[in-house]
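With the UniProt record's numbering applied, the sequence shown covers 1 to 169.
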Amino acid sequence: MTSKVTDHESDDSRRERNETPAERADRNWNELLQELRVSQTGVQLLAGFLVTLPFQSRFESLTDFQKDWYLGLLGLAFLTVGVTLTPVAIHRRLFGGGAKREIVSAAHVMTGLVLALISMLLGGIAFLVVDVVLSRTEAAFAGGGSLAVLLLLLVVVPRVVNQRFQRSR
Numbered sequence: 001m002t003s004k005v006t007d008h009e010s011d012d013s014r015r016e017r018n019e020t021p022a023e024r025a026d027r028n029w030n031e032l033l034q035e036l037r038v039s040q041t042g043v044q045l046l047a048g049f050l051v052t053l054p055f056q057s058r059f060e061s062l063t064d065f066q067k068d069w070y071l072g073l074l075g076l077a078f079l080t081v082g083v084t085l086t087p088v089a090i091h092r093r094l095f096g097g098g099a100k101r102e103i104v105s106a107a108h109v110m111t112g113l114v115l116a117l118i119s120m121l122l123g124g125i126a127f128l129v130v131d132v133v134l135s136r137t138e139a140a141f142a143g144g145g146s147l148a149v150l151l152l153l154l155v156v157v158p159r160v161v162n163q164r165f166q167r168s169r
């Protein structure tokens, strides 16, 4: 789980900011927290909506497969909430112990995992909705297509931007 999130900036950027490694770790932690806040809100809303589905009148009309898929999504949503909260738990445990760089490194890894879990969750939700409304075949295309688009946006696009940035340095 070694990550260079606290050291990814160029020497020029460090000089421009005139910050110590501890100050940089504090800034990176605050930036990661902001990313996690945005993610957490969305994931908690999705989890909350999923929790209410069994109490809807149409829920009983779902097939066994759809109910099993729903339960898998519910578990995935709760797992995603848990992983989103993990950096906060790590921070609480190590707070004040001079481990900010380690906290930032762990939070960086967890944030990447959260993005992957959110992609899976959204793809799975698209599959379930289209399966209920249309058919399993269209659901496979919708779920797979959603997952592909999210992976493109959350993995490929950031890598391309990073490569362009690295080349421009």
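All residues carry an ideal CB built from backbone N, CA and C; glycine is no exception.
In this structure, the CA atom of Thr86 is about 13 Å from the CA atom of Glu102. Annotated three-state conformation of Arg169 is coil, per DSSP.
Counting the other CB atoms within 10 Å of its CB gives Arg37 a total below 16, which places it among the exposed residues. Within the same chain, Cβ atoms closer than 6 Å to the Cβ of Leu74 are found at Leu50, the five residues on either side in sequence being excluded.
When the Cα atoms are used, Gly98 and Gly42 turn out to be separated by approximately 31 Å.
Unbroken alpha helix (DSSP H) runs of no fewer than 4 residues, entirely contained in the segment 20-60, are found at 21-52, following chain order.
Ranking Val157, Arg27, Val156 and Leu122 by CA distance to the CA of Trp69 puts Leu122 first.
A direct Cα-Cα distance of roughly 15 Å separates Glu138 from Phe65. Remark: C-beta atoms of Met120 and Leu76 approach each other more closely than 8 Å. Boundaries of the alpha helix (DSSP H) around Thr137: Arg136 to Leu151.
With respect to Leu154, Leu117 sits apart: the two C-beta atoms are not nearer than 8 Å. The C-alpha of Gly96 lies about 32 Å from the C-alpha of Asn162.
In this structure, the beta-carbon distance from Phe127 to Ala142 falls below 8 Å. Annotation for Phe95: no alpha helix (DSSP H) segment contains it, and DSSP assigns it neither H nor E.
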